[in-house]
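Q: So that we are looking at the same thing, I have put the structure below in structure tokens.
Residue numbers (mature numbering (1 follows the signal peptide of the UniProt record, and there is no 0)): -25 to -1, 1 to 189.
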């Protein structure tokens, strides 16, 4: 009787061990398979997400945006240089006020344009390059001779020369801004171009009025 009970217990223990082994194997296999499959899906999803976002970043700007920024920086710098001269040479309070407004508007834009070029990995025009090679391709830029003429003038002669030159300068900037709006793809640059068209067109009207042309 005792021997018979021992045999039954051993058989039950063996059966339980076998059942546990099967269960563990099934769980382990399922976990491995699930982990591998889920991991693959996660990797595939991450790769798909990266691929989807990459073109958006690369397509944020185009060559027209770079040309606009690289051209407008020296163009603005020259306008600021002309405005600086007005502080001590202008005879008219209206001309001095206009010059101050031009400087206040264009200085921050130079910084913004420079920041865009840096973020795009493009060259920022060097200081003092406005009258160099870069200036030849931009409409409205003053020549070195014209800048010298302006520096030597004072009083009413300065006012007239400044207004005549700045009208030409602004007209060039408006042309560049219109090209950016037509050909650019970077929305902040297109928005700045719109602001330049609006503000500088209004200043052209003011300057022509001061010159007695309107």
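Beta carbons: idealized from backbone N, C-alpha and C, even for Gly.
Run through DSSP, which three-state label would residue 68 get?
A: As a first step, residue 68 must be located in the chain shown, where it is residue number 93. Three-state result, residue 68: helix.
Q: Label residue 162 either buried or exposed according to how many other C-beta atoms from any shown protein chain fall within 10 Å of its C-beta, with 16 as the threshold for buried.
A: Position 187 of the chain shown holds residue 162. Looking at its Cβ environment, which holds fewer than 16 other Cβ atoms inside 10 Å, residue 162 is exposed.
Q: Grab me the residues of residue 175's own chain with a C-beta within less than 7 Å of its C-beta, minus the 5 sequence neighbours each way, in chain order.
A: For the purposes of this step, residue 175 is taken as residue 200 along the chain shown, with counting starting at 1. Counting only Cβ-Cβ distances below 7 Å, and skipping sequence neighbours, we find 145, 148, 149.
Q: Does the distance from the CB of residue 133 to the CB of residue 65 come in under 7 Å?
A: Mapped onto the chain shown, residue 133 falls at position 158. Mapped onto the chain shown, residue 65 falls at position 90. Yes, these two residues count as a Cβ contact at 7 Å.
Q: Straight-line CA distance for residue 118 to residue 130?
A: Here residue 118 corresponds to residue number 143 of the chain shown, with the count starting at 1. Here residue 130 corresponds to residue number 155 of the chain shown, with the count starting at 1. Each residue's Cα considered, the two are about 21 Å apart.
Q: What are the boundary residues of the alpha helix (DSSP H) that includes residue 154?
A: To locate residue 154, count along the chain shown from 1; it is residue 179. Taken as a continuous stretch (DSSP letters only), the alpha helix (DSSP H) holding residue 154 covers 130 to 158.
Q: Going by beta carbon distance, what residues of the same chain come within less than 6 Å of residue 158, once the five residues before and after it are set aside?
A: Taking the chain shown and counting its residues from 1, the one referred to as residue 158 is at position 183. So the qualifying residues of the chain are 39.
Q: Under 8 Å: do the region 80 to 98 and the region 179 to 187 share three or more Cβ pairs, one atom per stretch?
A: Touching, no, given that fewer than three Cβ pairs across the two stretches are closer than 8 Å.
Q: In whole angstroms, give me the CA-to-CA distance for residue 153 and residue 168.
A: Numbered from its first residue, the chain shown carries residue 153 at position 178. Numbered from its first residue, the chain shown carries residue 168 at position 193. The straight-line gap from Cα to Cα measures roughly 7 Å.
Q: Taking the alpha carbon of residue 127 as the reference point, which residue from 50, 63, 143 has its own alpha carbon closest?
A: Working through the chain shown from its first residue, we reach residue 127 at position 152. Closest option to residue 127, Cα to Cα, is 63.
Q: Using three-state DSSP, classify residue 169 as helix, strand or coil.
A: Your numbering for residue 169 matches position 194 in the chain shown. Looking at residue 169 - three-state DSSP - the assignment turns out to be helix.
Q: For a quick check, are the C-beta atoms of residue 50 and residue 113 less than 7 Å apart?
A: In the chain shown, residue 50 corresponds to position 75, counting from 1. In the chain shown, residue 113 corresponds to position 138, counting from 1. Contact flag set, yes.
Q: Quick one: grab the DSSP three-state call for residue 37.
A: On the chain shown, residue 37 is found 62 positions in, with the first residue counted as 1. The answer is coil: DSSP assigns residue 37 none of H, G, I, E or B.
Q: In whole angstroms, what is the alpha-carbon distance linking residue 115 and residue 68?
A: As a first step, residue 115 is located in the chain shown; it is residue number 140 there, counting from the start. As a first step, residue 68 is located in the chain shown; it is residue number 93 there, counting from the start. One C-alpha to the other measures close to 25 Å.
Q: How close, in whole Å, do the beta carbons of residue 138 and residue 70 come, if the pair is a contact with beta carbons under 8 Å?
A: Along the chain shown, one-based indexing puts residue 138 at 163. Along the chain shown, one-based indexing puts residue 70 at 95. Their Cβ separation, rounded to whole angstroms, is 7 Å, which keeps residue 138 and residue 70 in contact under 8 Å.
Q: Is it buried or exposed for residue 192, if we count other Cβ within 10 angstroms and need 16 for buried?
A: It is not possible to answer for residue 192, since the shown part of the chain is limited to -25 through 189.
Q: Closest to residue 44 by C-alpha separation, out of 92, 141, 101, 180, would be which residue?
A: On the chain shown, position 69 is the one that residue 44 refers to. Measuring from the Cα of residue 44, the nearest candidate turns out to be 92.
Q: Just verifying my parser: in three-state terms, what is the DSSP assignment at residue 99?
A: Within the chain shown, numbered from 1, the residue matching residue 99 stands at position 124. Reduced to three states, the DSSP call for residue 99 is coil.
Q: Output needed for residue 75: all residues of its chain with C-beta closer than 6 Å, excluding positions within five of it in sequence on either side, in chain order.
A: Mapped onto the chain shown, residue 75 falls at position 100. No residues qualify anywhere along the chain.
Q: Assign residue 114 to one of three DSSP states: helix, strand, or coil.
A: As a working mapping, residue 114 is identified with position 139 in the chain shown. Residue 114: coil per DSSP, three-state reduction.
Q: Would you kindly check if the distance between the Cβ of residue 156 and the Cβ of residue 143 is under 7 Å?
A: For the purposes of this step, residue 143 is taken as the residue at position 168 of the chain shown. For the purposes of this step, residue 156 is taken as the residue at position 181 of the chain shown. Their beta carbons are not under 7 Å apart, which means residue 143 does not touch residue 156 by this criterion.
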